[in-house]
């Protein structure tokens, strides 16, 4: 059925479709649904404690057979910079009124000793990283578990860097993708590359298989990505409206209403694609003064809480890829099966 | 050979490949070369006087049979804004030293009475517009010649607007594309959409055939664009290094050297994708203070002239799409034939 079997053989899956790990919008239920369609399920761990990771992994292992991808952020937590944070809070306060100190936003944990212990215990078949790779000792421990290791690249240079670091496959994350950009050799959003250019260029530059991400929301896109040279696709936004996703009601409303998306760093401090909410329009989409990831979240934590209680996504991360209008409210298994079936038919004609 | 024959029948061409009209880098020689490969040749007229247009059309008609696409900009020339221009000149002068008054940059002519007369005389089979469409009376005169009319859209809204205005096909210009963005319902580059998302979304939104542009530099990309729903592709950057292109030596050197591209408005006043030259890095890539198109060119005209004489592209428009590294120095007919052949093979398997 699939001409290029590299990713199928590498991960032990039926179809070259990976669930994008969407921290905050995806948990065990979505993973199970995608596994049932023959794709590779993912559990995003960036917002989970080790205990929560273990619980979610337990649910997935109980309800689905086959491989599992555990996904981690691996940013270096920034040095505290009180002056910068204070200036940012002042800017926010000037626009929206006083910003109370705390509560801070939920922490976004980089891959660390505790997370590595979860990997060593739970033995996921695949471990994926965003924002580069963890330090060599931690990476070696992951490799020693036998897990396949994959990571995101947003440029050819990042893809080559990852290949040299020994990853088993590279995710080419085109500019269309929703959520945080995996960029790690630089943070300049103005030069980020679209999926249509990035996938063939990365395919030419590395020997490992390439997984296309960004704008892959239906069978046409999956088929096109494989024609461009990808061995598989990673799909996220297409599942955001499915019942299995943890997408908030506000987020679901925004997806239904539509509106442009942009890469913005004013919500978390790192560039991520989402709807242009009030905050993004007022101080972004890119603002060089935003505190480093994930500290920018703190200044807006209380504003976000109040706005959400009021039904407004003004300060919330409302991530979405550029093909969000193709997302449907159907069960995720149905969505995944249709993408796979339509892609196979298009490639077969 | 091609499953979707709409564009082939509409224009009377053998292969669904259009030469992108690259004002300043393409003239009759490149048009003839692409016509010989069975694609639709284009003559960009934005930088040509009516006399030059007639001369170039004469060469193409003499050396190639088949249809021809005459391309025009149709921006509304801006109201003079001396204060804004003076402030911009002062900003430039603060960085690079005194900016002598004049000479102004070569004018970029919008489609007007004189250009329309050329269309009426020379009877091109296709007329294409960038930056929207001309006023209704001029458009009606073009239509009365029997020419097929096409225009660029960078969003779904622009595509729907063009279809309602009666175009025969829409060019979906993805964010990867080099040169000026065709955007006309807004100028916000942060929300521009990649080819991979734009093509299927536009295909779903309009009934007229869609021509994919942006990142189409080889057979993989052409095949992928057709899989995404496009009826044809428009190819520009892939030809920039061919001997038939008018690309300057400086521009060719930049294409060979590589480096990131970005959408910038600091060279002409309208967003266009090109290499991040010194000017773009220093005051861009997007600067809200840049004078309106095409007036921004004036402040840097003398700096550009001096730098180019010195072999530096610091202030030159060095347009390139994101797949520029796939451009080769081969004859344009060879390039076009290979793109077509590779695409056909990929779609045929």
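Protein chains in written order, with our numbering: chain A, 107 to 455; chain B, 107 to 455. A virtual CB, placed ideally from N, CA and C, is assigned to each residue, including glycine.
Cβ-based burial, residue 265(A) [other Cβ within 10 Å; buried from 16]
So residue 265(A) ends up on the buried side.
What is the DSSP secondary structure of residue 387(B), counted as helix, strand or coil?
Reduced to three states, the DSSP call for residue 387(B) is helix.
Cα separation between residue 310(B) and residue 298(B)?
Approximately 18 Å between the Cα atoms of the pair.
Taking C-alpha atoms, which residue in 162(A), 281(A), 190(A) and 383(A) lies nearest to residue 321(A)?
Of the candidates 162(A), 281(A), 190(A) and 383(A), the one whose C-alpha sits nearest the C-alpha of residue 321(A) is 281(A).
Where the stretch 379–412 of chain B meets chain A: residues whose CB sits under 8 Å from a CB there
Correct list: 382, 391 and 392.
Rounded to the nearest angstrom, how far is the Cβ of residue 260(A) from that of residue 289(A), given a contact under 8 Å?
Right, their Cβ atoms sit about 5 Å apart.
To which residues does DSSP link residue 233(A) through a beta bridge?
In the DSSP output, where bridge partners are listed per residue, residue 233(A) has 176(A) and 255(A).
Meets three-Cβ-pair contact criterion under 8 Å: the stretch 354–370 of chain A and the stretch 438–454 of chain A:
Output reads no: the stretch 438–454 of chain A does not touch the stretch 354–370 of chain A.
Residue 377(B) versus residue 248(A): straight-line alpha-carbon distance, rounded:
Their backbone Cα atoms lie some 45 Å apart in a straight line.
Rounded to the nearest angstrom, how far is the Cβ of residue 137(B) from that of residue 152(B), given a contact under 8 Å?
The pair is not a contact, with the Cβ atoms about 15 Å apart (cut-off 8 Å).
Kindly list the residues whose CB is nearer than 6 Å to the CB of residue 334(B), restricted to its own chain and excluding five residues on each side of it in sequence; keep chain order.
Correct list, in chain order: 305 and 306.
With 16 other Cβ atoms within 10 Å as the buried cut-off, status of residue 229(A)
The residue in question, residue 229(A), is exposed, as its Cβ has fewer than 16 Cβ neighbours within 10 Å.
Quick one: is residue 333(A) near chain B, going by C-beta distance under 8 Å?
With 8 Å as the cut-off, residue 333(A) counts as an interface residue toward chain B.
Under 8 Å, Cβ to Cβ, is there at least one residue of chain A near residue 301(B)?
With a threshold of 8 Å between beta carbons, residue 301(B) makes contact with chain A.
Which residue marks the beginning of the alpha helix (DSSP H) containing residue 302(B), and which one marks its end?
Element bounds for residue 302(B): 301–311.
Since I believe residue 173(A) is in contact with residue 232(A) (beta carbons under 8 Å), could you give me their beta-carbon distance rounded to a whole number of angstroms?
Contact holds; Cβ gap of about 6 Å.
With a 10 Å radius around its C-beta and 16 neighbouring C-beta atoms as the bar for buried, classify residue 107(A) as buried or exposed.
Burial call: exposed.
Candidates 117(A), 401(A), 158(A) and 157(A): which alpha carbon is nearest residue 141(A)'s?
Ranking the options by Cα distance to residue 141(A), first place goes to 117(A).
Anything in chain B within Cβ reach of residue 326(A), meaning under 7 Å, just list it in chain order.
Those within 7 Å of residue 326(A) in chain B are 306, 333, 334 and 335.
Under 8 Å from the C-beta of residue 356(A): neighbouring residues of chain B:
Neighbours of residue 356(A) on chain B: none; closest Cβ ~20 Å, over 8 Å.
Please check if any C-beta of chain B sits within less than 8 Å of the C-beta of residue 320(A).
Residue 320(A) counts as touching chain B.
Taking the C-alpha atoms as reference points, what is the distance between residue 352(A) and residue 166(A)?
Residue 352(A) and residue 166(A): Cα-Cα distance of roughly 15 Å.
By the criterion of Cβ-Cβ separation under 8 Å, what are the contact partners of residue 452(B) in chain A?
Going along chain A in sequence order, the residues near residue 452(B) (Cβ under 8 Å) are 333.
Run through DSSP, which three-state label would residue 369(A) get?
In the structure shown, residue 369(A) falls within a strand segment according to DSSP collapsed to helix, strand and coil.
Contact between the stretch 186–206 of chain A and the stretch 383–395 of chain A (3+ Cβ pairs under 8 Å):
The stretch 186–206 of chain A, when compared against the stretch 383–395 of chain A, does touch it at the 8 Å Cβ threshold.
Sub-8 Å separation of residue 380(A) and residue 424(A) beta-carbons:
Cβ atoms of residue 380(A) and residue 424(A): closer than 8 Å.
Using only alpha-carbon positions, find the residue among 370(B), 350(B) and 346(B) that is nearest to residue 359(B).
Closest option to residue 359(B), Cα to Cα, is 346(B).
Unbroken stretches of the alpha helix (DSSP H), 4 residues or longer, contained in the stretch 130–201 of chain B
Listed in chain order, the complete alpha helix (DSSP H) runs (minimum 4 residues) inside the stretch 130–201 of chain B are 134–142 and 156–169.
Near the ligand HEM: residue 393(B) beta-carbon under 7 Å from a heavy atom
This structure simply doesn't include the ligand HEM, nor any ligand for that matter.
To the nearest angstrom, how far is it from the Cα of residue 188(A) to the Cα of residue 435(B)?
Distance between the alpha carbons of residue 188(A) and residue 435(B): 53 Å.
So, is the C-beta of residue 280(B) closer than 8 Å to a C-beta in chain A?
Judged by the 8 Å Cβ criterion, residue 280(B) is in contact with chain A.
Could you confirm whether any beta carbon from chain B is found closer than 8 Å to the beta carbon of residue 348(A)?
For residue 348(A), the answer is no, since every Cβ of chain B falls outside 8 Å of its Cβ.
In whole angstroms, give me the CA-to-CA distance for residue 235(A) and residue 211(A).
In this structure, the straight-line span from the alpha carbon of residue 235(A) to that of residue 211(A) is close to 22 Å.
Pull up the distance between the alpha-carbon of residue 439(B) and that of residue 125(A), whole angstroms please.
C-alpha separation (whole angstroms): 42 Å.
Flag residue 297(A) as yes if its beta-carbon sits less than 8 Å from any beta-carbon of chain B, otherwise no.
With 8 Å as the cut-off, residue 297(A) counts as an interface residue toward chain B.
May I have the straight-line CA-CA distance separating residue 133(A) from residue 369(B), to the nearest angstrom?
Cα atoms of residue 133(A) and residue 369(B): separation of roughly 37 Å, rounded to the nearest angstrom.
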